[in-house]
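Novice: There's a structure below that I have some questions on.
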Amino acid sequence: MVVTAWQQLGSSSGKPASTSARPGRRYGTCHRARQRSSAKPPSGRSRPGWVVEVARRNTAAATRQAIVSAAATLFDRKGYHNVRMDDIAVHLGLSKGAIYHHFASKDEILAVLHGVFMDELERLHALKVTGLSQPAERVYAIIASVMELMATHREYVRVFFEHHRELYESRKTSIRARRLVFQSVLEAALEDGVRDGSFVAHDPRTVALSIFGMCNWSYQWFRGDIDQAHQVCEEMATLALRGLQVRQVDVPTGA
97 MVVTAWQQLG SSSGKPASTS ARPGRRYGTC HRARQRSSAK PPSGRSRPGW VVEVARRNTA
157 AATRQAIVSA AATLFDRKGY HNVRMDDIAV HLGLSKGAIY HHFASKDEIL AVLHGVFMDE
217 LERLHALKVT GLSQPAERVY AIIASVMELM ATHREYVRVF FEHHRELYES RKTSIRARRL
277 VFQSVLEAAL EDGVRDGSFV AHDPRTVALS IFGMCNWSYQ WFRGDIDQAH QVCEEMATLA
337 LRGLQVRQVD VPTGA
């Protein structure tokens, strides 16, 4: 099972409250009678331990997500090296201790931020590529996935491309591996296009890197909304696919 960065954000180091029943007389008839006679009104009932634990975990996950989102904003605005944990705390109105309660270091926040970007990219692509078989359609789906993130996760995108070198080597290796897997998906679509005769023969790695270079660099200049991202996607797809095609075919449209 793949664990996403957001699922990791929801994890907690605290031990869950026990929900198992203890053996003994307390669950006998006499105990139930005492419970009925001494029961508090509904407004005074304490919540079961598992309810308290779920609420605590949900609150912790929301706080961690808020920290990552604030860090993305500040890293984008000031640069990774110019942001301190204090700055993130002030931005959120939290104490620095509260930040360190959830993240051991600024590098850990940066690593989770990179993971969130890859989670979203893979999720979008999976949605768009479902049911597609033609190589041109699959190439279009990849371009559309990248460009959509330019509109919906702009700060994450900029941090992802500008600050991946600041990650510790082990975390950098993990993110690089995910990027290579995604690149291989595009290369496979290009190879299939050459195989079925719809694309002219090219080195798939060179073409894939060229397409990603065109898409990825748009974070430097693209400031539009989701509709504008789709328009740019169609322009890029037309440029890429018309350059690859042996015969004139319609370029896929729509996201």
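Going by our numbering, the first residue of the sequence shown is number 97, and it counts up by one from there. Backbone N, C-alpha and C fix where the C-beta goes; we use that ideal spot for every residue, glycine too.
Entirely within the stretch 163-223 and at least 4 residues each: give me those alpha helix (DSSP H) ranges in chain order.
Specialist: Entirely contained in the stretch 163-223, the alpha helix (DSSP H) runs reaching 4 residues are, in chain order, 181-188 and 192-198.
Novice: For glutamate 251, which option in Leu263, Val186 and Tyr176 has the closest C-alpha, if you only look at C-alpha atoms?
Specialist: Comparing Cα-Cα distances from glutamate 251 to each of Leu263, Val186 and Tyr176, the minimum goes to Tyr176.
Novice: Give me whichever residues DSSP pairs with phenylalanine 295 in a beta bridge.
Specialist: Answer by DSSP bridge pairing, in chain order: Gln341.
Novice: Can you round the beta-carbon distance between histidine 260 and isoleucine 271 to whole angstroms, since I take them to be within the 8 Å contact cut?
Specialist: That pair is a contact at about 7 Å.
Novice: So, under 8 Å CB-CB, glutamate 218 and leucine 245 are touching, yes? Tell me the CB distance rounded to an integer number of Å.
Specialist: Actually they do not touch by this definition, with Cβ atoms about 11 Å apart.
Novice: Taking 8 Å as the threshold, find out whether the stretch 226-235 comes into contact with the stretch 276-292 through three or more Cβ pairs.
Specialist: Contact holds: three or more Cβ-Cβ distances are below 8 Å.
Novice: So, is aspartate 183 buried or exposed, given that buried needs 16 or more other C-beta atoms within 10 angstroms?
Specialist: Buried is the call here.
Novice: State the Cα-Cα distance for the pair valine 225 and lysine 192, rounded to the nearest angstrom.
Specialist: Cα-Cα distance, rounded: 43 Å.
Novice: Expressed to the nearest angstrom, what Euclidean distance is found between the alpha-carbon atoms of isoleucine 414 and leucine 335?
Specialist: No statement about residue 414 is possible, as the shown extent of the chain runs from 97 to 351 and does not include it.
Novice: Leucine 188 and alanine 166: beta carbons closer than 7 Å?
Specialist: Against a cut-off of 7 Å, the Cβ pair of alanine 166 and leucine 188 comes out as a contact.
Novice: What residue range is occupied by the uninterrupted alpha helix (DSSP H) comprising leucine 228?
Specialist: Leucine 228 -> no alpha helix (DSSP H), and no H or E assigned at all.
Novice: With DSSP collapsed to three states, give me the class of leucine 276.
Specialist: Helix.
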